[in-house]
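Student: In this note's numbering, the protein residues as written are 50 to 761. The beta carbon of each residue, even a glycine, is placed where N, CA and C say it ideally should be. Before we start, here is the structure in question, set down as structure tokens.
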């Protein structure tokens, strides 16, 4: 069935990055839900599974070979990859196109929870909404599947609902018990009630006053890089290929453009699937410009804070914020992630998080944490906003009602669109989509076999696998645990290419930045898995951009150097990649709103005694009373207390506070810094800590022996 209209121009669509060809034999072995090894018979003519991933160039050659695919999926997020996997395991010759990187859109910007939806169950009961109930039931079944299919990537997570009013205790207890009941045999662990004392023992940061107790229930955590799942379930992948729906020799097809080279080519297929999330309507209008919009974008904002804001293995749910939304407060990658549920928006691209968004989340966090825990604006290490593509069902009589479930529609020309839904139900969404495609286009395919299929990396994984990495390769324990829980049994492939450190310990595994377990070998490995930009590395192959934007910026030069060596980049290309990645961090990951906390327009709101104290500290460095300090001044003081810091690091430290960028830190800038630190808008300032430490050292040196109580 050909598209009725050809559309001029090329549209950049989707949220992940792939131009990839799927053959059934690539998924020829998997473990079923009972743990036994199962087999999927390869379709006739399907390519044999290769020991190593073919290169991106080989993938593009396969796309341009001129043959016709059974299924062509547009969009490389969770849903698109799920559709490609489902189609391939049914024996269909499958291709997938994406303009950017795997999960670079909505899929990588979620709350990192695999959940059925407690709030949806509440609405289903209160409004007697069977559709909401069915969605929760399906999501709970899919939650269990995800936890079984990728045990190295996911795990059950206890989530606490603190109770501050006695009447809420039975109300929420009944609701959570119903959640367990709906899950049935798929219930992870039974929910339970905690006394006030026990709740504070498990979550000591909680606000104590008026606390009655707490209820704990279980959902799943998806704590690691979403790219890992998408790339491994795909078997093969390519990157950065944009497409537009077109008419190709009377057959469904897509006009593709290689984003990296600009080359255009056609790909033909019996069926085209639109799985482009927030861009759903853009693709539907390529097929039929008169079709009404069905996508209703909804935005959610998340921030990352240091790990000390939450226990290592306990989340928190605020079921009713001041504006009626829900906030999750979860441990993630040894940090704490706080995020809102969605609110309506009129944009389809991912909006930039605003100071208002961040302050709203911080205010809600303060409501639940004790007075002894100072919630500081400066502790926001990263912030981002994601778009959830909610939909209205075009086949429903009530076209104004927004569905939280997924919707599969088929146009007059045969374009299959999957929209709505959520991360947890990606497999069920893919199953329903391919079922519809097979029926509509009379494709010869087997039944769905993805339930119980283990993702790559899971087969030989065990909780103690990391010990072998430590023993066999000499990796740090933290790094080994990270590799095992990210790559599963494929962690050994990364360890094999890790460079020798030259130290006694660790023997191999050079970190990209000191405070995170990501190593240089992961960049090399990511390039083999089609990472082509520095943004691919900092945001999805690693999660540095989502964990700490400053750490990500610090790692960028080394990441670009490694990629340049692997991809033969020239100096100009390296510079472009560096600038593009910095722009991404600045606008999309919250660096801008973070740096806005200290500018040359920042107010100095210090009491006179504090001003005098900080002036004295400043003049310990500014001996000549110039009114500013330079690197030479800092080096002189550090030398007097026998502390050595290399010159490049000192440049970085002073540059953080040099607001007018004149190569020196003036007294007014220092007072602005200390005011921001005191108000909690800035935290972790290296210059502030360095100067305070130096002042204390100099004072100790100045204390006479007869007054110090020392000597003989």
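When DSSP labels each residue in this structure, what does residue 564 get in the three-state scheme?
Tutor: coil
Student: Might you give, ordered along the chain, the residues of its own chain that have their beta carbon closer than 6 Å to the beta carbon of residue 470, omitting 5 neighbours on each side?
Tutor: 455 and 478
Student: Alpha carbon to alpha carbon, what distance is there between residue 633 and residue 741?
Tutor: 34 Å
Student: With H, G and I counted as helix, E and B as strand and the rest as coil, what does DSSP make of residue 12?
Tutor: The first residue shown for the chain is 50 and the last is 761, placing residue 12 beyond what the model contains.
Student: Can you check which of these residues, 365, 226, 262 and 642, is closest to residue 209 by C-alpha distance?
Tutor: 365
Student: Please go through the same chain and pick out, in chain order, the residues whose beta-carbon is closer than 8 Å to the beta-carbon of residue 312, but skip the five residues on each side of it.
Tutor: 306
Student: Comparing alpha-carbon positions, which option in 520, 619, 215 and 553 lies nearest residue 541?
Tutor: 520
Student: Could you name the residues of the same chain whose beta carbon sits closer than 7 Å to that of residue 117, not counting the 5 residues immediately before and after it, in chain order?
Tutor: Contacts found: 300, 317, 318 and 319.
Student: Three or more beta-carbon pairs under 8 Å between the segment 563–580 and the segment 527–546, yes or no?
Tutor: yes
Student: Between which two residues does the beta strand (DSSP E) carrying residue 164 extend?
Tutor: Residue 164 -> no beta strand (DSSP E), and no H or E assigned at all.
Student: Among the residues of its own chain, which have a CB less than 8 Å from the CB of residue 356, if the five just before and after it don't count?
Tutor: 380, 383, 384 and 385
Student: Could you please give the first and the last residue of the uninterrupted beta strand (DSSP E) stretch that includes residue 381?
Tutor: 376–381
Student: Just verifying my parser: in three-state terms, what is the DSSP assignment at residue 618?
Tutor: In the displayed model, residue 618 falls within coil according to three-state DSSP, outside both helix and strand.
Student: Just the Cα atoms here: how many angstroms apart are residue 662 and residue 158?
Tutor: 44 Å
Student: Can you give me the start and stop residues for the alpha helix (DSSP H) that residue 490 sits inside?
Tutor: 475–490
Student: Considering just the uninterrupted stretch of the beta strand (DSSP E) at residue 316, what are its terminal residues?
Tutor: Start and end: 313–323.
Student: Measure the Cβ-Cβ separation of residue 558 and residue 524 and say whether it is below 8 Å.
Tutor: yes
Student: Rounded to whole angstroms, what's the CA-CA distance from residue 297 to residue 115? Just pull it up for me.
Tutor: In this prediction, residue 297 has a pLDDT of 33, which is less than 50 and means its spatial position is unreliable; what the coordinates show is noted afterwards. Between residue 297 and residue 115, the C-alpha separation is close to 11 Å.
Student: Identify which residue in 134, 147, 141 and 126 has its Cα closest to the Cα of residue 109.
Tutor: 147
Student: Let me check one thing: in DSSP terms, what residues is residue 212 bridge-paired to?
Tutor: 262
Student: Roughly how many whole angstroms lie between the Cα atoms of residue 638 and residue 583?
Tutor: So the alpha carbons of these two residues sit roughly 14 Å apart.
Student: If I'm right that residue 771 touches residue 569 with Cβ under 8 Å, what's the distance once you round it to whole angstroms?
Tutor: It is not possible to answer for residue 771, since the shown part of the chain is limited to 50 through 761.
Student: Using 8 Å as the threshold, is the C-beta distance between residue 666 and residue 702 below it?
Tutor: no
Student: Please classify residue 206 as buried or exposed, where buried requires at least 16 neighbouring CB atoms within 10 angstroms.
Tutor: buried
Student: Under 7 Å Cβ to Cβ from residue 245, same chain only, skipping five residues before and after it: list those, please.
Tutor: Its chain contains 260, 261 and 262 as the residues whose beta carbon lies nearer than 7 Å to that of residue 245, once the 5 sequence neighbours on both sides are disregarded; these appear in chain order.
Student: Starting from residue 666, follow the beta strand (DSSP E) in both directions and report where the run begins and ends.
Tutor: That residue, residue 666, is in no beta strand (DSSP E); its alpha helix (DSSP H) goes 657–670.
Student: With a threshold of 16 other CB atoms inside 10 Å of the CB of residue 276, please say whether the residue is buried or exposed.
Tutor: With a pLDDT of 38 at residue 276, under the threshold of 50, the modelled position of that residue is not reliable, and the figure given next carries that caveat. Per the 10 Å Cβ criterion, buried.
Student: Do residue 720 and residue 660 have their C-beta atoms closer together than 8 Å?
Tutor: yes
Student: Rounded to a whole number of angstroms, what is the C-alpha to C-alpha distance between residue 418 and residue 265?
Tutor: 17 Å
Student: For residue 580, which of helix, strand or coil comes out of DSSP?
Tutor: coil
Student: Tell me which residue opens and which closes the alpha helix (DSSP H) that residue 700 is part of.
Tutor: 696–704
Student: Can you name, in chain order, every residue of its own chain whose Cβ lies under 8 Å from the Cβ of residue 682, other than the five neighbours on each side?
Tutor: 670, 671 and 672
Student: Please report the Cβ distance between residue 309 and residue 581, rounded to the nearest whole angstrom; I am assuming they are in contact, meaning their Cβ atoms lie under 8 Å.
Tutor: 6 Å
Student: Shorter than 8 Å from the beta carbon of residue 521 to some beta carbon of chain B?
Tutor: Among the protein chains of the structure shown there is no chain B, as only one such chain exists.
Student: If you count every other CB in all the chains shown that lies within 10 Å of the CB of residue 420, and 16 or more means buried, which is it?
Tutor: exposed
Student: So, helix, strand or coil for residue 114, using DSSP?
Tutor: Note: residue 114 maps to coil in three-state DSSP.
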